[in-house]
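A quick write-up on the structure given underneath.
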Amino acid sequence: MNEWEQLQQDVVACERCPRLRHYCAVVAQRKRAAYREWTYWGRPVPNFGDPAAELLIVGLAPAAHGANRTGRMFTGDRSGQVLYRALYQTGFASQPDASDRHDGLRLHNALITAVVHCAPPQNRPTPAEIANCRPFLERTVALMPRLRGVVALGALAFRECWRLFRSRRWLPAQRMPRFAHGLLLQSASAPFLLASYHPSQQNTFTGRLTFEMLRAVFQHAAILLQKPFETLPQPGRSDAEGGSQ
-7 MNEWEQLQQD VVACERCPRL RHYCAVVAQR KRAAYREWTY WGRPVPNFGD PAAELLIVGL
53 APAAHGANRT GRMFTGDRSG QVLYRALYQT GFASQPDASD RHDGLRLHNA LITAVVHCAP
113 PQNRPTPAEI ANCRPFLERT VALMPRLRGV VALGALAFRE CWRLFRSRRW LPAQRMPRFA
173 HGLLLQSASA PFLLASYHPS QQNTFTGRLT FEMLRAVFQH AAILLQKPFE TLPQPGRSDA
233 EGGSQ
């Protein structure tokens, strides 16, 4: 077993957060009526994609009846429908749809992870639960030798990624900038950090995040991946307006 396989196994076997493990197990047992024939995954959800990828996508946490049901990041819920369509149209996914972990979907030069690998009640992990899962994000990044950029989906994911970038000295010592859709942070000879609103139902149904806005983020990421580190912009902010996840 190599280091990546060990990481994936450690994620799935994790029992650090009793509240989350209990919640995921209860959801998997009770199920939603529409999925009563399903055998829910009901465990921490591992990373999805190739560690040799250049782009890392960081979400918040699995959805109770999405990835907690299917066992694959952003699979089986509306957020995933929007995300994978955007990834497909920008060349990062082999197909626009994601129904289950055996549907043949493959990522191209991208890997998806989350701040928290278990579905939290009301989609709100506690600070302690985030801290418990933080080592998995750190190990994920450490095992991506070709990493060129990170897309953070939502304010919480952006905060955790910014913390990680600072710990690895990929960004200069400065206060964390206000989260904004389209915000780009980049230092010379280091991966970029690109922020996006999370493709949650709350954001997509209210129009805070449109499909075109999300697709534009990944189009931007694709362009950045084509450039040498030295030619990428210095730390700064896009013209996008500020806001929260």
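So for the sequence shown, the working numbering puts the first residue at -7; every next one is plus one.
Backbone N, C-alpha and C fix where the C-beta goes; we use that ideal spot for every residue, glycine too.
Asked	Found
Which of helix, strand or coil DSSP assigns to residue 143	strand
DSSP state of residue 157 mapped onto helix, strand, coil	helix
Buried or exposed (CB count within 10 angstroms, at least 16 for buried), residue 104	buried
Best match in 200, 19 and 119 for proximity to residue 36 [C-alpha to C-alpha]	19
Residues near residue -6 in its chain [Cβ-Cβ closer than 7 Å; skip 5 each side]	none
Segments of 4+ residues assigned as alpha helix (DSSP H) that fall wholly inside the stretch 96 to 135	119 to 134
Counterpart residues of residue 171 in DSSP-defined beta bridges	DSSP, once it has assigned bridges, lists no residue as partnering residue 171.
Any C-beta of chain B under 8 Å from that of residue 77	The displayed structure is made up of one protein chain only, and chain B is not part of it.
Inter-residue spacing [alpha-carbon to alpha-carbon] between residue 94 and residue 40	12 Å
Buried or exposed by the 16-neighbour rule on C-beta atoms within 10 Å, applied to residue 215	exposed
Host alpha helix (DSSP H) of residue 210 (start-end)	203 to 217
Contacts around residue 207, its chain only, beta-carbon distance under 7 Å, and the 5 residues preceding and following it disregarded	78, 81 and 82
Beta-carbon gap between residue 186 and residue 154 smaller than 8 Å	no
Three or more C-beta pairs below 8 Å linking the stretch 134 to 143 and the stretch 57 to 67	no
Straight-line Cα distance separating residue 4 from residue 161	29 Å
From 195, 46 and 92, residue whose alpha carbon lies closest to that of residue 58	92
Selected residue, minimal CA-CA separation from residue 62, among 158, 30, 122 and 51	30
Extent of the continuous beta strand (DSSP E) to which residue 181 belongs	Per DSSP, residue 181 belongs to no beta strand (DSSP E) and is neither H nor E.
Residue 0 versus 205, 211, 131 and 84, residue with shortest Cα-Cα distance	131
Three-state secondary structure assigned by DSSP to residue 84	coil
Local conformation of residue 163 per DSSP, three classes	coil
Entirely enclosed alpha helix (DSSP H) segments - the stretch 8 to 91, minimum 4 residues	10 to 22, 59 to 62 and 70 to 81
Residue 120 to residue 126 span [Cα, whole Å]	10 Å
Buried versus exposed call for residue 260 [16 or more other C-beta atoms within 10 Å across all chains shown]	The structure shown does not extend to residue 260, since the chain is modelled only from -7 to 237, so the question has no answer here.
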